[in-house]
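Engineer: In the numbering used here, the protein residues as written are 728 to 868. Yeah, the Cβ is synthetic: ideal placement off N, Cα and C, and Gly gets one too.
1) Give the straight-line distance between the Cα atoms of residue 818 and residue 760, rounded to the nearest whole angstrom.
2) Can you name, in chain order, every residue of its own chain whose Cβ lies under 6 Å from the Cβ of residue 787, other than the five neighbours on each side?
3) Got a sec? Which residues, its chain only, sit under 7 Å from residue 826 by beta carbon, not counting five neighbours each side?
4) Do the CB positions of residue 735 and residue 742 come within less than 8 Å of each other?
5) Looking at the structure shown, is residue 814 part of a helix, part of a strand, or coil, going by DSSP?
6) For the alpha helix (DSSP H) that contains residue 755, what are its first and last residues?
7) Measuring straight from C-alpha to C-alpha, what distance separates residue 739 and residue 765?
8) Anyone know if the C-beta pair for residue 763 and residue 831 falls short of 8 Å?
9) Just grab the DSSP bridge partners of residue 774 for me.
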């Protein structure tokens with residue numbers, strides 16, 4: 728990644744890093760700290776699953792090779808016993824927003840994966856964005 732970002736900079740291009748969808752704030756924050764200590768300062772968009780059924784979320788995680796522990800799922804209010812309920816990224820996004828330090832972690836925003844449908848994700852984001860800076864659109868340029 729460092730070589731790719733350097734090649735883009737040498738060609739006069741800027742870059743952003745977009746992650747796969749993630750479930751654990753501790754893992755995200757440790758990775759961001761390591762990334763910045765390695766000298767990578769490109770803005771990062773943390774992938775979060777938009778609102779979807781727990782069943783769909785687990786299916787997408789399995790397809791994408793995203794490891795999901797029962798402890799992490801429970802931490803964010805998702806459980807196997809609630810397969811037909813809707814999982815939302817509220818808790819994880821709130822935790823990340825509260826814990827991200829722009830000095831240590833750089834520029835970090837959210838990237839929503841609309842596994843439950845684009846309309847449902849857009850509706851959730853429109854409701855949640857005014858209270859959470861990670862969902863506000865980036866400035867152009």
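Structural biologist: Looking at the coordinates:
1) 21 Å
2) 842
3) 752, 756
4) yes
5) strand
6) 752 to 764
7) 21 Å
8) yes
9) 748, 838
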